[in-house]
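Quick note on the working numbering: the sequence shown kicks off at 532 and runs consecutively.
Ideal placement from N, C-alpha and C gives every residue a C-beta, glycine not left out.
Have a look at the structure below, then the notes.
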Amino acid sequence: MLKKVVRIIAAVVLLVSGFSAAAQTTAQFSGRVSDPQGAIVRNAEVRVVNQATGVERRMTTNNDGLYTVPFLNPGMYQIFVQAAGFSTTSSEPITINVGQSLSFDVQLRLMSSQQQVEVAASVPIIDQTSSSLGTIETTQRIVDLPLNGRNFLQLAYLGAGANQGAQNNGPLRGTTDNNRPGIQVAVNGLTSFDNNFLLDGVDNNEFGQGTLVIQPAPDAIQEFRVEENSMRAEFGRGGAAVNVLLKSGTNKFHGGVYEFIRNDKLDARNYFDPQRPPFQRNQFGALLGGPILHNRTFFFADYEGERIRQGVSYVSSVPTVRMHAGDFSELKANLYDPQTTNAVSSQRALLNPNNPFVIPLNRIDSVGQAVLNVLPLPNLPGTVNNYVYTPKQVTNGDQFDARIDHNIRETDQLFGHAALQDVRFLKPAPLGEAGGCCQGFGSNIDGREQSYAIGEYHAFSKNITNDAHFAFLRWQINTQHLDAGQDRSQQLGIPNANRGGNPYSTGLSLFTLSGYTSFGDSSYVPEIATDDTYQIADIVTWLKGRHAFKFGGDFRYLSRNFFQAEAPFGTFSFSGQYTQNIATGDGGSAIADLLLGIPVSKLQDNLASMDKTNMREFDTFFQDDWKIAPGLTLNLGFRYDLYSPVGGRVGNFNLQTGVVDNNFGPNAIPNAGVAYDKTDFGPRIGFAYSPQRHGNMVIHGAFGIFYSPEGNIFNDLGENPPLLELYSAAYSPAQIPETAQLLRSGFPATLPAIDPLHPTGQVKTSGPQRLLPRITEWNLGLEKELPGSWVMSLAYVGTQGQRLWDNEASDLNQAPVPLDSNFGPAPNYGRPYFKVDPDLSDILTIDYPRFNLHFNALEAKLQKKVSNSLTMLASYTWSKDIGTSHGTAGTSVQNSYNTNGERGYVEPDFRHRFTISYTYKLPFGKGRQFGGNMGRGADLALGGWELSGITVARTGEHAKEGTSHDYTNTGSFGPRPDQLGNPADFSIDPTDQARLGCTPGKRTLACWYNPAAFAIPALAPGQTFAHNFGNSYAGSIVGPSQLNFDLGLMKSFRIVEEQQLTFRAEMFNVANHAQFQIPNTVPDVPGGASISSTLPDNQREVQFSLKYMF
532 MLKKVVRIIA AVVLLVSGFS AAAQTTAQFS GRVSDPQGAI VRNAEVRVVN
582 QATGVERRMT TNNDGLYTVP FLNPGMYQIF VQAAGFSTTS SEPITINVGQ
632 SLSFDVQLRL MSSQQQVEVA ASVPIIDQTS SSLGTIETTQ RIVDLPLNGR
682 NFLQLAYLGA GANQGAQNNG PLRGTTDNNR PGIQVAVNGL TSFDNNFLLD
732 GVDNNEFGQG TLVIQPAPDA IQEFRVEENS MRAEFGRGGA AVNVLLKSGT
782 NKFHGGVYEF IRNDKLDARN YFDPQRPPFQ RNQFGALLGG PILHNRTFFF
832 ADYEGERIRQ GVSYVSSVPT VRMHAGDFSE LKANLYDPQT TNAVSSQRAL
882 LNPNNPFVIP LNRIDSVGQA VLNVLPLPNL PGTVNNYVYT PKQVTNGDQF
932 DARIDHNIRE TDQLFGHAAL QDVRFLKPAP LGEAGGCCQG FGSNIDGREQ
982 SYAIGEYHAF SKNITNDAHF AFLRWQINTQ HLDAGQDRSQ QLGIPNANRG
1032 GNPYSTGLSL FTLSGYTSFG DSSYVPEIAT DDTYQIADIV TWLKGRHAFK
1082 FGGDFRYLSR NFFQAEAPFG TFSFSGQYTQ NIATGDGGSA IADLLLGIPV
1132 SKLQDNLASM DKTNMREFDT FFQDDWKIAP GLTLNLGFRY DLYSPVGGRV
1182 GNFNLQTGVV DNNFGPNAIP NAGVAYDKTD FGPRIGFAYS PQRHGNMVIH
1232 GAFGIFYSPE GNIFNDLGEN PPLLELYSAA YSPAQIPETA QLLRSGFPAT
1282 LPAIDPLHPT GQVKTSGPQR LLPRITEWNL GLEKELPGSW VMSLAYVGTQ
1332 GQRLWDNEAS DLNQAPVPLD SNFGPAPNYG RPYFKVDPDL SDILTIDYPR
1382 FNLHFNALEA KLQKKVSNSL TMLASYTWSK DIGTSHGTAG TSVQNSYNTN
1432 GERGYVEPDF RHRFTISYTY KLPFGKGRQF GGNMGRGADL ALGGWELSGI
1482 TVARTGEHAK EGTSHDYTNT GSFGPRPDQL GNPADFSIDP TDQARLGCTP
1532 GKRTLACWYN PAAFAIPALA PGQTFAHNFG NSYAGSIVGP SQLNFDLGLM
1582 KSFRIVEEQQ LTFRAEMFNV ANHAQFQIPN TVPDVPGGAS ISSTLPDNQR
1632 EVQFSLKYMF
C-alpha cells in the first residue's frame, strides 16, 4: 500500500509540474472586490504595476469576487481595479517583501463624471493569510545597520527565537576549516545544520558545514526573509529557511563604488592580549544596475573584494621551564613509576622517593624530550594560560554576482543569476615557530564557491501559473598544512609517522595532552573537496474559488569528491595516568607522561583513494490556502521527502553480519546495505484569523512535521575498509607500558590494509536504514498593527526533535561497565562484538537516529515597519531546550547503551535573549524637524545625520561537563563526573578548589564555576576503575552572559541630482565589554574550569566607509 501511495504522489507531481519545487522568492497580493452595497463583483480586472520596472500583471476576480496575483518580485507596486459601471480604484504605492502575502480588499464606487480614479485606503502591513513565523530584512536595513565584517547573516539572528548557535558548534568534522567561519544561525532549539539557505529561491546549502555557500555583499541584496516555525509545505527541513533575493535592475541606471576600512589604530585591546594586535581590513566594491531594454530586460551586477591582515591572539597552556627539566613541583603533583604497577592492586611506587615531584634524568626519554622542546616557554606567569602568541592571519577574498531579468510578455518572465566567490586564507596556529622545528602548525586554505540559476514564470491562464528553476551549486576547498613536504616527526625520532611516497603524511604528528594545549599539525588536514548540487524545481499555482492551490516538488543530485584522513602523520595522546597512582588517583601529569615517552593511545590512518560519493533528494508538496471567510484563512499542506542512502565509494558496517557492506567492487551491495526510508510524510496545518474589519490584528496558529538531513555522511562512510588504512592502539594505564606503545616505537612499517570481510580497528555504521531526523513544530500567536506603522507580535513556540542523528558520538562496541583492571586476554575483550570479530575496536555511529530534544519558548517582537525616519526591530525570547543531544560536531556520549542518560540542557540553550536593531534619521538639518533654517556650514556639520545600531543581551549558554580521562576503562567518548552540588556555589569544598587552581569561595576567570562541585566517581575497595558513570546533569555549567552595543553614524552629501557621497563611522562593542566564551568543561584538572578566550571580534572596533552612489 505504501509503495502505491508513493508512486501515485510522484506521478502526479511529474505529470503536472514536470520538475519539482524551489522555495518562494516572490510575493503576492490577494483580496476581494465588492460594490458599494458589499456584493461581490465578478470579472473585475486587477492590474498590478511594478513602480521600478513598469512591468504589469493582470488578473480578474472569480465567481466569489476574489483575486490573487502570485509570483511577484519583491518591490514597490501600485494596484488598479476596474469593472464596467464603476470608477477605477487604485492603491497608494505598496512595498511588498519576499514571501509576503498582503490583502487589498476593494469596494468599488459607481462611475461618476467628476472622478474616474478613486484612491483606496492603505493596505494592512501585516500578513493576514499566513500562520508561520518569520522576519524580513529590507535592503535599507541590510545596508544601513552596522555589520562587523559586512556579513548579512548577522541580521538573521535578530528575530525572536533565533541566536548565533552554540559557541562550540563547528563544522561536522570538528577540526575541518570552513572557508567562512564565525557566522551560524540556530532557531527555536535546533542547530545550523537544520537550516535551509536559499539564493533567489534555489539551493544555497553547503551540505557538510551547516552554513550557506554564496554570501552576497549587503549592497547586492534586495532583501531576505527568515522563516522560523511551521512553514508552508513548500519548505523542507525544520530549522530556519533563510531566503536571500539578489537585487534586480530597473528602468534607471543605478550604481556606485565604496570602501570600508578597519585597522587597529582605534581598536581596543582584546581582554587576554598583553597588547593590541595588528589588524587591517579593506572591503571595497562596485555595483551597477539598469535597463538593457526599457520595460523588458534589466541587469544588476556587483563586485566586492576583501583584504585582511589580522593579528590573532592565542592564549595557551604550555609546560614551564622546570617541567621541561622534569621538575613538577609547581603542580605539587607526585609522580609515580609506571614500571612498578601492581597487576592486582594497581598500586605504584614513586618515580623519585627523594623528590616525588621530579623525574630522574636517566628516566627522561630523549624522543619525548625532543618533542617537548618543540613547545615554546611561557611568556606569562602561572602553569595554565601562561603563553600568549599573536601571529598574523591573512585573508584575500573576491566575489562577483550578476542577475538578469527579462519580461518576455505579460505571461512569461525569465531570470538568471551567476555568483562566484574566491577565498584564500592563511590560518596560523596557537604556538608559533618553536624549537627550530616547525612553521607553527598552521594551514593554507583555498576555497571557491559558485552558483548558477535560471528561472521562468509562465501564466497558462488567469488562474494557473507556473514557476520553474534549474540551478547548479559548487563548494570547493583545498587545505594544506604549512609543514607539507617536511618529515618533521621523523626528524624528532618517531619512526614511520612520516611515510615516504605519501605526500599527505608529512609534517609533525599531533600531540594531545590533558590540561595543556595540543600541538602539531592539525587532524583532518589535508582536506581536498568538491561538493556539487544540481537542482530542478517547479511550483504550480492554481486559483479556484476560495482556494489558492500550490503543488510541486524539488529534486537535487548531490555529489562529492573528497580526500581527508584523520591523521596521516599520526596522533599521540597523553593523559597523565602513567605517572599517576591508579589505585588512589593521586598525582600524575600529561607532560610527565610525555617526558617518559608513554602515550595512552596513538593512531595513524590514510585513505587509499579519493572518495567519490553521491546522494539524491526528492520532495513533493501540496498546499491549499483556503479563504473560508473574509477574515479567516486555513493553511493546509502536505509534504513528502525521499532521501537516498549515500551512493558511490562507501561502505557500511553491518551490525548483523559483522562485515563491511560496500557499494562498489565485485561484491557490491546496493547502497552499501542501507535501505531507503519511504515514510517521511509531513502534514502542515495552520490558520490565520483577523477578527477586525480592517485587518489590523491577526491570530494565528500552526502545526507541522519536518524532516531535516543534519550534516552529511559522505566522507564518513567513505572511511570504512577497504578504503581506509588504519593503525589504532589504546592502552590501559593500569598495565605496565609495552615496548610497542612507546613514543620512540612510532608506528608499524606498513599500515594494514583492512579486509572488509574481516575488519579490524575502528569501523562506522549508519545502521540498516537511513531515517531522517523528524522535527515537529507548532505555534500560537497574535500579531497587532498599532498606530504609526508599529507591529507587535506575541507567540508561544514549540519544537520537538526525534530521531536526531548521532554522528560519531557513540560507540556501539563500547565495553560495558564494570570492566575492571584490564581488557582481559585480548585488546578488545569485554566488547559486545568480541565474539563476532575480536579485532574490532570502536563501531562509530553515523547518522544514527538516537537523540531527541524538546524546546518551548515565549517570543515577542515589536517592529516599526514603514517610516521615513525610523525602522526598528526589538525581539525577546524566553526559552528552554532540554533533550539528549543535537548530535552535531562536538557531541559525545558517556554510555553508548543509555542515550537517555544524556538528558539535560541542549546546546545552544540561552534562557533569555533580547535584541534591538534600528536606523533613525536624526531630526536636525534642512528638510528635518529642527534646524531647517541653519546655514550651509552648520548643516554640513550638524544636519542630515542618521544613527543605526544593534544591541544584543542574553544570559549564559549551558555547557556540558566532562572529565579528562575515561575513568571506567570502557572506551567512553564523553564520561561525565558525579555532581556534588550547584557549580555556581563556591562554598563547596574550598580545599579542593585550591588544589584545582581556584581562589576559594570566589568566581574568577581561572575558575568560572566551582570545579569542586564535581568529582570522578569514587572507587569501591578493590576496584581499579569506576563501576558506574557520572550522574551530573548534562549542561549544568552556565557560561557568561553577553551584553553588546554596536553603533553606526552616517551622513549623505548630495553632489548633483541623484548623486550622493555617504560617509559612515561604525563602532562595534561600544562599551568594550568583554564577551567571554564558555569556560573549559573539564573540572577534574587544574584550569579545567577556566575561561581563556573571548567571542570573535570581541573588543571595541571602529570602522569607516565612504560610498558614492548614483
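Given residue 642, which residues of its chain have a CB within under 7 Å of its CB, disregarding the five upstream and five downstream residues?
Setting aside the 5 residues that flank it on each side, residue 642 is surrounded in the same chain by 616, 617 and 618, each with a C-beta closer than 7 Å to its C-beta; the list follows chain order.
I'd like the list of long-range same chain contacts for residue 1195, defined as Cβ closer than 7 Å, with 5 residues on each side in sequence excluded.
Answer for residue 1195: 1180, listed in chain order.
How about residue 1133 and residue 1152: are their beta carbons less than 8 Å apart?
No, they are not a contact pair.
DSSP three-state label for residue 704, please.
Low confidence applies here, because residue 704 scores a pLDDT of 28, under 50, leaving its location unreliable; read the following figure in that light. Residue 704 falls in the coil class under three-state DSSP.
Nearest-angstrom Cβ-Cβ length linking residue 934 and residue 777, presumed shorter than 8 Å
Right, their Cβ atoms sit about 5 Å apart.
Using only the alpha-carbon positions, how far apart do residue 834 and residue 817 sit?
The C-alpha of residue 834 lies about 5 Å from the C-alpha of residue 817.
Comparing alpha-carbon positions, which option in 990, 627 and 562 lies nearest residue 596?
Minimum Cα distance to residue 596 is reached at 562.
State the DSSP-derived secondary structure class of residue 1575, mapped to helix, strand or coil.
DSSP places residue 1575 within a strand segment (E or B) once states are collapsed to three.
For residue 908 and residue 849, I'd like the C-alpha separation in whole angstroms.
Distance between the alpha carbons of residue 908 and residue 849: 7 Å.
For residue 1433, which of helix, strand or coil comes out of DSSP?
Helix.
Please name the residue or residues paired with residue 672 in a DSSP beta bridge.
According to DSSP, which records beta bridges pairwise, residue 672 is partnered with nothing at all.
I'd like the span of the alpha helix (DSSP H) that includes residue 1521, first residue to last.
Annotation for residue 1521: the continuous alpha helix (DSSP H) segment containing it runs 1521-1526.
Measuring only the C-alpha atoms, how far is residue 598 from residue 571?
When the Cα atoms are used, residue 598 and residue 571 turn out to be separated by approximately 11 Å.
To the nearest angstrom, how far is the alpha carbon of residue 1237 from that of residue 896?
For residue 1237 and residue 896, the distance between alpha carbons rounds to 57 Å.
Counting Cβ pairs closer than 8 Å, one from the segment 1161-1178 and one from the segment 1193-1207, do we hit at least three?
The answer is yes - the segment 1193-1207 touches the segment 1161-1178, with three or more Cβ pairs under 8 Å.
Per-residue DSSP class, three states only, for residue 1613:
The answer is coil: DSSP assigns residue 1613 none of H, G, I, E or B.
Check whether the Cβ atoms of residue 801 and residue 1630 sit closer than 8 Å, and answer yes or no.
In this structure, residue 1630 lies closer than 8 Å to residue 801 by Cβ.
Per DSSP, the bridge partner or partners of residue 484
This structure does not reach residue 484, given that the chain is present from 532 up to 1641, and the question cannot be answered.
Looking at residue 923 and residue 590, is the spacing between their C-beta atoms short of 8 Å?
Result no, Cβ atoms of residue 590 and residue 923 do not sit closer than 8 Å.
Return helix, strand or coil for residue 1621, following the three-state DSSP convention.
Coil at residue 1621, not helix or strand.
Cβ of residue 1340 within 8 Å of Cβ of residue 1504?
Going by C-beta atoms, residue 1340 is nearer than 8 Å to residue 1504.
So what's residue 1448 in DSSP terms, helix, strand or just coil?
Correct three-state label for residue 1448: strand.
Along the chain, where does the alpha helix (DSSP H) that runs through residue 855 open and close?
Start and end: 852-855.
Whole angstroms is fine: what's the gap from residue 1575's alpha carbon to residue 1465's?
When rounded, the separation of the alpha-carbon atoms in residue 1575 and residue 1465 is 36 Å.
Since residue 1004 contacts residue 734 with CB under 8 Å, what's their CB separation in whole angstroms?
That pair is a contact at about 6 Å.
Using 8 Å as the Cβ pair cut-off and three pairs as the minimum, do the segment 1253-1264 and the segment 1135-1144 touch?
Contact holds between the segment 1253-1264 and the segment 1135-1144, because three or more Cβ pairs, one in each stretch, are under 8 Å apart.
Range of the contiguous alpha helix (DSSP H) that encloses residue 1090
Where residue 1090 is concerned, there is no enclosing alpha helix (DSSP H), although the beta strand (DSSP E) it sits in stretches over 1078-1094.
Alpha carbon to alpha carbon, how far is residue 1317 from residue 587?
Going by C-alpha positions, residue 1317 is about 32 Å away from residue 587.
Residue 974, DSSP secondary structure in three states:
In this structure, residue 974 counts as strand in the three-state DSSP scheme.
Coarse secondary structure for residue 1428, derived from DSSP in three states
Note: residue 1428 maps to coil in three-state DSSP.
What is the rounded straight-line gap between the Cα of residue 1626 and the Cα of residue 1374?
Taking the straight line joining both Cα atoms gives about 35 Å.
Quick one: what does DSSP say residue 725 is sitting in, helix, strand or coil?
In this structure, residue 725 counts as helix in the three-state DSSP scheme.
Which residues in the same chain as residue 998 place their Cβ atom closer than 6 Å to its Cβ, once the five residues preceding and following it in sequence are excluded?
Contacts found: 602, 988 and 1070.
Per DSSP, the bridge partner or partners of residue 1376
Looking at the DSSP assignment, residue 1376 forms a beta bridge with 1296.
Let me know the beta strand (DSSP E) ranges lying completely inside the segment 1532-1586, each 3 residues or longer, listed in chain order.
1573-1585, all fully within the segment 1532-1586.
Where residue 1197 sits in the DSSP three-state scheme:
Three-state result, residue 1197: coil.
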